[in-house]
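In what follows, a structure is listed as structure tokens, so that the remarks can point back to it.
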Amino acid sequence: MSSPTSRTGLDDLLLGTPVPLPTPVDPGVEVVRLDYVHFSVLVRPDRRLAAVAGVGIDGALLRDLDRDGIDWRLDDRLPAAAQAGPGLYTGNDSDRGHLVRRADAVWGATVAEAQAGNVDTFHYPNAAPQAASFNQGDQLWLGLETYLLDNAATYDRRLVVHTGPVLDPGDPVYRGVQIPLRFFKVAVFTVPDPADPAGDPVLGATGYLLDQTPELDDVAGALADAEAAGQAPPLGPFRTFQVPITDLADLTGLDLAPATAADRFRALTPAADGEPGSSARWRLLTRYADIAL
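So in this note's numbering, spot 160 of the sequence shown is number 178, and the numbers just go up one at a time.
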């Protein structure tokens, strides 16, 4: 277990240029920041879920540790009523989706530091309900950070990733919590400066959206029926898109600068015909080779 004094949170200067944790553009939106080892979470108490979680990853210091003996827990720095805890997931434990991926926080100069990050990812503010079924879109989403570390980041393979649910006011309710149907991810890294390849690197960024909207006519009714029957929420199969980061800023109401200025997604192509809820500016991903870097 990590001690509170070791929880310095997201290192804004990990990439050498400030990349802060995004905050709501609307100052009237209440949020609470919780710092952990290598990452920070901005909680929306009114939704009992995170608005965003930001992690810094030092690929040179990643360690291979397992999760044996680590249980999910509430964060005692936040009232229990302000965080979606075990009551939301009882009977469907596999639906607890890490926002900051466990492996992303498992790094450090020592095993103890890496283990502290490992443990901290199992706090409920770092969780959100996600579809339990695995499919190609799910696997793409889970492996994005690894792919980007291996293919995009320079500067000693360092990466800053901001992830969170798209907290839409119209999200359906399940067990007293509005269930987000979409999630976003913004990855920020460093690349050679095209104007001066031999000089200092500059920021690059890419943005992604995961859609788990059920293929149902009455989503709210289906969730209510599942709750009454004691079943897991009937969420849909994951579909992963690469999207302009400005679109993510509009969807989430978060200030995603400086990533918006560093967005490398330029080859914008229409999504497949008939994809519900997607913009013509989004690219449906079926494999990592589809990603524009």
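Every residue gets a Cβ at the ideal spot worked out from N, C-alpha and C, and that includes glycine.
{"Check": "DSSP beta-bridge partners of R114", "Outcome": "P147"}
{"Check": "L227 versus D218 - alpha carbon distance", "Outcome": "30 Å"}
{"Check": "Presumed contact (8 Å Cβ cut-off) between Y192 and A244, rounded CB distance", "Outcome": "7 Å"}
{"Check": "Nearest neighbour of N136, chosen from H116, A149, L311 [CA to CA]", "Outcome": "H116"}
{"Check": "Closest by C-alpha distance to W90, when choosing among F140, T35, T264", "Outcome": "F140"}
{"Check": "Residue from R120, A100, L60 with nearest C-alpha to I88", "Outcome": "R120"}
{"Check": "Opening and closing residue of the beta strand (DSSP E) in which V59 lies", "Outcome": "57-62"}
{"Check": "Three-state secondary structure assigned by DSSP to A223", "Outcome": "strand"}
{"Check": "Cβ-based neighbour list, D30, same chain, cut-off 7 Å, excluding 5 preceding and 5 following", "Outcome": "P36, V37, P38"}
{"Check": "Near the ligand GTP: A134 beta-carbon under 7 Å from a heavy atom", "Outcome": "No copy of the ligand GTP occurs in the structure displayed, which carries no ligand at all."}
{"Check": "Sequence-distant residues of its chain with Cβ nearer than 6 Å to L269 (five each side left out)", "Outcome": "V184"}
{"Check": "Residue ranges of each alpha helix (DSSP H) within the segment 41-107, 4 or longer", "Outcome": "104-107"}
{"Check": "Cβ-Cβ distance between G5 and D64 below 8 Å", "Outcome": "Any answer about residue 5 is impossible in this case: the structure gives the chain only from 19 up to 311."}
{"Check": "Classification of L234 by the beta-carbon crowding that lies within 10 angstroms, buried from 16 upward", "Outcome": "exposed"}
{"Check": "Three-state class that DSSP yields for W125 in the structure shown", "Outcome": "strand"}
{"Check": "Cβ neighbour criterion (16 or more within 10 Å) applied to P187", "Outcome": "exposed"}
{"Check": "Under 8 Å between C-beta atoms of L32 and R175", "Outcome": "no"}
{"Check": "For P210, the residue or residues it bridges with in DSSP", "Outcome": "In DSSP, P210 forms no bridge with anything."}
{"Check": "Host beta strand (DSSP E) of T258 (start-end)", "Outcome": "257-261"}
{"Check": "Cα-Cα separation between F202 and T181, rounded to whole angstroms", "Outcome": "6 Å"}
{"Check": "Close-in-space but distant-in-sequence residues of the same chain around G105 (CB under 7 Å, 5 per side omitted)", "Outcome": "R193"}
{"Check": "Nearest-angstrom beta carbon gap, A78 and V59 [assumed within contact, 8 Å]", "Outcome": "About 25 Å separates the two Cβ atoms, so there is no contact after all."}
{"Check": "Start-to-end residues for the alpha helix (DSSP H) that takes in G182", "Outcome": "Not the alpha helix (DSSP H): G182 falls in the beta strand (DSSP E), residues 176-183."}
{"Check": "Bridge partners - V191, DSSP secondary structure assignment", "Outcome": "Q196"}
{"Check": "N- and C-terminal bounds of the alpha helix (DSSP H) containing L241", "Outcome": "237-246"}
{"Check": "C-beta contact flag for G225 and D281 at 8 Å", "Outcome": "yes"}
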